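Colleague: Take a look at this one; I'll ask things after.
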Amino acid sequence: SARPCRHELPNDWGSLRRELVLERHLATRASCDTRVQADYSELVASAAAGPQADAAELSTELVRHIESAAARGISAEQLERARLEQLNAFERLRSSHEAVASLLSQAEVAGDWRLLFWQHDMVRELTLDEANAALRAWVVAHNRSDVLLRHGDGVPAVVPPAPGPVQELVAGKG
């Protein structure tokens with residue numbers, strides 16, 4: 026669910042969201058995340074807006090922001106916030122055996138179940154210089170895949186039928 030774009034929330038610190046959602050009002054949400062693997066890593070940035078938005082402009086501005094931020098580099102504070110978010114996600118895994126099993130299986134398919142723990146170590150040990158060098162080397166136009174999903178022009182949204190009274194749904198179940 027999209028949050029209102031004109032109200033800054035206390036935990037709102039991402040430059041992508043701040044620019045595209047809160048300042049320029051081009052999107053209703055925007056985020057950026059990384060996925061670290063042994064043989065590759067991904068930086069995934071996304072933004073969404075309503076059907077009246079200019080999807081091409083939003084796409085262009087999302088790419089511009091990411092490429093500009095990568096060229097500029099991130100700050101120590103940004104790295105520490107991202108690191109803390111990732112380490113907290115690893116910690117939350119401990120309460121979900123199913124999630125741990127799934128991630129261990131994915132790591133095994135990638136070559137070795139211990140890659141999950143290698144990922145944790147990489148997040149914990151990454152230096153600011155390493156992060157910025159990787160951003161400058163890899164966030165470039167010839168190494169990017171763009172996907173633009175937009176609302177269809179002139180195509181009305183499908184409206185599901187209204188549900189019947191709740192009492193009818195639960196009648197005789199009791």
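Each residue of the sequence shown is one higher than the one before, starting from 26 at the first, in the working numbering. In this text, a Cβ means the ideal position worked out from N, Cα and C, and glycines have one as well. Being a predicted model, the structure only gives us computed values, none of them experimental.
Here's the rule I'm using: 16 or more other beta-carbon atoms within 10 Å means buried, otherwise exposed. How should residue 112 be labelled?
Modeller: Classification of residue 112: exposed, given that the 10 Å Cβ count is below 16.
Colleague: Which residue marks the beginning of the beta strand (DSSP E) containing residue 68, and which one marks its end?
Modeller: Counting along the chain, the beta strand (DSSP E) containing residue 68 begins and ends at 66–73.
Colleague: Which whole-angstrom value describes the C-beta separation of residue 54 and residue 73, a residue pair presumed to lie in contact below a C-beta threshold of 8 Å?
Modeller: Rounded, the Cβ-Cβ distance is 5 Å, consistent with contact.
Colleague: Going by the CB atoms, is the gap between residue 135 and residue 141 shorter than 7 Å?
Modeller: No, these two residues do not count as a Cβ contact at 7 Å.
Colleague: From residue 58 to residue 107, what distance separates their C-alpha atoms?
Modeller: Residue 58 and residue 107: Cα-Cα distance of roughly 9 Å.
Colleague: So for residue 191, helix, strand or coil by DSSP?
Modeller: Residue 191: helix per DSSP, three-state reduction.
Colleague: Whose C-beta lies closer than 8 Å to the C-beta of residue 37 among residues of the same chain, with five residues either side of it excluded?
Modeller: Only weak support is given to the placement of residue 37: the predicted model assigns it a pLDDT of 45, under 50, and the question is left unresolved by the model.
Colleague: Cutting at 8 Å between CB atoms, please list the residues of its own chain near residue 83, excluding the five before and the five after it.
Modeller: 45, 51, 52, 72 and 74, listed in sequence order.
Colleague: Would you say the stretch 146–161 touches the stretch 176–189, given that touching needs at least three Cβ pairs under 8 Å?
Modeller: Cβ pair count under 8 Å is below three, so no.
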